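Asker: Position 37 of the sequence shown, counting from 1, maps to 1340 under my numbering, and the rest follow consecutively.
Below: one structure in structure tokens.
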Amino acid sequence: MPCTVAPPAHLQGRPCSWKDPNGRIISNTTRDATVTQLKSLHDDILSRKSNFDEVASRLSDCSSTKHSGDLGPFGRGKMQKPFEDATFALKFGEVSDIVDSDSCVHIIPQTA
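Structure follows, in structure tokens:
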């Protein structure tokens, strides 16, 4: 089931990302600040002020950013449970609310 995951900063507990290999930015970013930014981006995506692919390519800390946030197909048991549950609950074309996983927070649009 193809799914896309998105922006931007990961939770404070994550030690590093490809964009922040030493963890300097992430260690100084709170979950609340990340969620505030994601809510704003979520609203912009839903209102079509912003395009998910562009936002994910520009802001995501996930290495999927080079694919506009697209993780490609995956089945159950391959992702962290909160992420997986949110993904499989979405219908084609829907966009999740903010989803917390052990590693970060996400916005997930269902693309298939």
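The beta-carbon is built from N, C-alpha and C at its ideal position, and this holds for glycine as well.
As the structure is a prediction and not an experimental result, all values here were calculated from the model.
Check the DSSP bridge columns for V1338 and list the partner residues they point to.
Answerer: Partner(s): none; V1338 has no beta bridge.
Asker: Measuring alpha carbon to alpha carbon, tell me which of E1387, D1405, Q1383 ends up nearest P1412.
Answerer: Closest in C-alpha terms to P1412, from the list E1387, D1405, Q1383, comes E1387.
Asker: So L1362 is in the alpha helix (DSSP H); what residue range does that whole segment cover?
Answerer: 1355-1362
Asker: May I ask you to list the residues that DSSP assigns as paired with G1380?
Answerer: Beta-bridge pairing links G1380 to no other residue.
Asker: Since I believe S1404 is in contact with P1376 (beta carbons under 8 angstroms), could you give me their beta-carbon distance rounded to a whole number of angstroms?
Answerer: Contact flag wrong, Cβ pair sits at about 19 angstroms.
Asker: In angstroms, rounded to a whole number, what distance separates the CA positions of S1353 and G1380?
Answerer: 31 angstroms
Asker: By alpha-carbon positions, which one of V1402, Q1383, A1415 ends up nearest to K1394?
Answerer: A1415
Asker: Along the chain, where does the alpha helix (DSSP H) that runs through R1327 open and close?
Answerer: First-last of the alpha helix (DSSP H) with R1327: 1327-1330.
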